[in-house]
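In the working numbering, the protein residues as written are 37 to 554.
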């Protein structure tokens, strides 16, 4: 007689896999991996295949997801780099495995809530550690890049997860009767953390969460106010784009430029370099003789060395002085305060970028857009190059793509063909999930991918599970600027919320979604 666990034990194994994934995503890759595998292992152990089939066969969104995953296997037929393909399929296994486990064997609403509570708790603890360490409230490590603020994983993926923690908190406020003030504290803290983390993907995701929940609530209460809120959002968006739009080129009147410094030393000018800072030309009226002499008096970093970001400190000094509207000579250097000197040594090249929070990131983006001659080292400008390259590849491989394993190789070839200005270390993939899918599997893969997204939205819109509708909205929008499911954490985030959204636990998870057209 074969030994078999009881049905309740199998249920709790599935639940354990979900809870491990919830805690592990913000905290620990091993927990995340075990959680992703345990649910599928449990299905194989239980072997109740007739029940699994019954739960799976009518779940349209899951079937589209299954087709998308199987396309990765089929894509081996027209690929040449099987090593990369195997790695890619391995990374994406949770994208199928976790939803498969929960659709085949759903968990109860109270345990969904438990998983979300653990996710929020894990996020709260890790974000406190991240913030306290980066701003040196604990420890003594010196950070030179805001991306180092995320100690437990990718700062981009973590930022997206933080926003989903806000969505989960809002869900629990709506569906639970106890400890609502704790979820409110979590929402406030996660919002503060997102602001100071400077992760654009995270900020965008958080805006989506708040916007969708606010619109849902407003349309339930007062449609006139809801439409007014939409108008307000439009005004804010226009204002933001106006802030970021490129400045007009700076006209330089050579006849009016100063010839000598206060000490009588000559200035040099690079009139061919159009770089500007706060609408001021950067490379005019520079006296390297005085800058070198005075800088070396106040800093242990030599004028001709590099700052902590690996940039030549001369250029950091010149940009920083321009941003403060100081002269680029001895007088300007001597006006710098201790905080300014520390900023320059850290590689902060502008007074605006030295500010804390998202405002510094917005100034950084504006600088990139205003000085777009060289995209290297600028995340947004590099993405523009990735997208242009991806579109060229798609035009030549529009039907079935380049195959599961040949994406990076094809990008490398296209960069060489175009004689790309990107240096070799910056020649990466699309950083846009839709373009990546199109490059990999062509029109066929893109249609299947979009089919899954469509049916997931439809399934969760009609079944009143607004949290998952919001979660996929966040994921779908951030797909525009990230290859989210090309990394372990990204795949885990998507698979976790997709799995909860696909399973049918016969219970309403949130009140009905308002029909905006009513």
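We put the CB at the ideal spot given by N, CA and C, even for glycine.
Return the chain-ordered list of same chain residues with a C-beta closer than 6 Å to the C-beta of residue i, the five sequence neighbours on each side being excluded.
i, result
"residue 347", "383"
"residue 170", "179, 185"
"residue 404", "414, 416, 417"
"residue 556", "Nothing about residue 556 can be read from this structure; the chain reaches only from 37 to 554."
Under 8 Å between the Cβ atoms of residue i and residue j?
i, j, result
"residue 297", "residue 239", "no"
"residue 437", "residue 478", "yes"
"residue 53", "residue 91", "no"
"residue 462", "residue 407", "no"
"residue 100", "residue 487", "yes"
"residue 318", "residue 354", "yes"
"residue 385", "residue 356", "yes"
"residue 261", "residue 254", "yes"
"residue 485", "residue 465", "no"
"residue 105", "residue 131", "yes"
"residue 147", "residue 124", "no"
"residue 50", "residue 103", "no"
If you run the structure through DSSP and keep just helix, strand and coil, what is residue i?
i, result
"residue 22", "For residue 22 there is no data in the structure shown, the boundaries of the chain being 37 and 554."
"residue 348", "strand"
"residue 322", "strand"
"residue 313", "strand"
"residue 296", "strand"
"residue 411", "coil"
"residue 544", "Bear in mind that the predicted position of residue 544 carries a pLDDT of just 40, short of 50, making it too unreliable to give a figure here."
"residue 392", "coil"
"residue 302", "strand"
"residue 342", "strand"
"residue 364", "strand"
"residue 307", "coil"
"residue 147", "helix"
"residue 434", "coil"
"residue 42", "coil"
"residue 171", "coil"
"residue 82", "helix"
"residue 289", "coil"
"residue 531", "helix"
"residue 87", "helix"
"residue 66", "helix"
"residue 553", "Any answer about residue 553 is weak, because its pLDDT of 36 lies below 50 and its placement is not dependable; what the coordinates show is given next. Coil at residue 553, not helix or strand."
"residue 130", "helix"
"residue 384", "coil"
"residue 459", "coil"
"residue 207", "helix"
"residue 53", "helix"
"residue 235", "coil"
"residue 4", "Given a span of 37 to 554 for the chain in the structure shown, any question on residue 4 remains unanswerable."
"residue 257", "helix"
Nearest to residue i by alpha carbon, out of the options?
i, options, result
"residue 60", "157, 103, 94", "157"
"residue 272", "430, 45, 247, 129", "247"
"residue 313", "333, 338, 400", "400"
"residue 80", "140, 126, 93", "140"
"residue 370", "340, 404, 333, 521", "333"
"residue 41", "73, 108, 84, 70", "84"
"residue 459", "471, 418, 490", "418"
"residue 207", "325, 151, 178, 164", "151"
"residue 194", "282, 234, 173", "234"
"residue 470", "521, 492, 161, 183", "521"
"residue 482", "454, 335, 433", "433"
"residue 154", "192, 368, 218", "218"
"residue 364", "114, 325, 222, 72", "325"
"residue 115", "494, 443, 510, 455", "443"
Quick one: what's got a C-beta closer than 8 Å to residue i's C-beta in the same chain, skipping five residues either side?
i, result
"residue 68", "56, 57, 60, 61, 524, 525, 528"
"residue 112", "118, 121, 439, 440, 441"
"residue 457", "410, 411, 412, 421"
"residue 435", "478, 479, 480"
"residue 290", "305, 307"
"residue 489", "508, 512"
"residue 468", "419, 422, 423, 426, 515, 516, 517, 518, 519"
Beta carbon of residue i: closer than 7 Å to some heavy atom of the ligand GTP?
i, result
"residue 61", "In the structure on display, the ligand GTP does not appear, and there are no ligands present to speak of."
Excluding five sequence neighbours on each side, which residues of the same chain lie with their C-beta closer than 7 Å to the C-beta of residue i?
i, result
"residue 269", "247"
"residue 388", "359, 396, 399"
"residue 135", "98, 101, 531, 534, 535, 538"
"residue 70", "56"
"residue 450", "425, 428, 429"
"residue 63", "158, 162, 188"
Quick test of your reading: residue i and residue j, contact by CB under 8 Å. State the CB separation rounded to the nearest angstrom.
i, j, result
"residue 473", "residue 203", "That pair is no contact at about 25 Å."
"residue 475", "residue 426", "5 Å"
"residue 199", "residue 241", "4 Å"
"residue 232", "residue 279", "Residue 232 to residue 279, Cβ: 20 Å. No contact."
"residue 491", "residue 94", "Going by Cβ atoms, the distance from residue 491 to residue 94 rounds to 12 Å, so no, they are not a contact pair."
With 8 Å as the threshold, decide whether the Cβ of residue i is near any Cβ in chain D.
i, result
"residue 93", "This model lacks chain D altogether, as it is built from one protein chain only."
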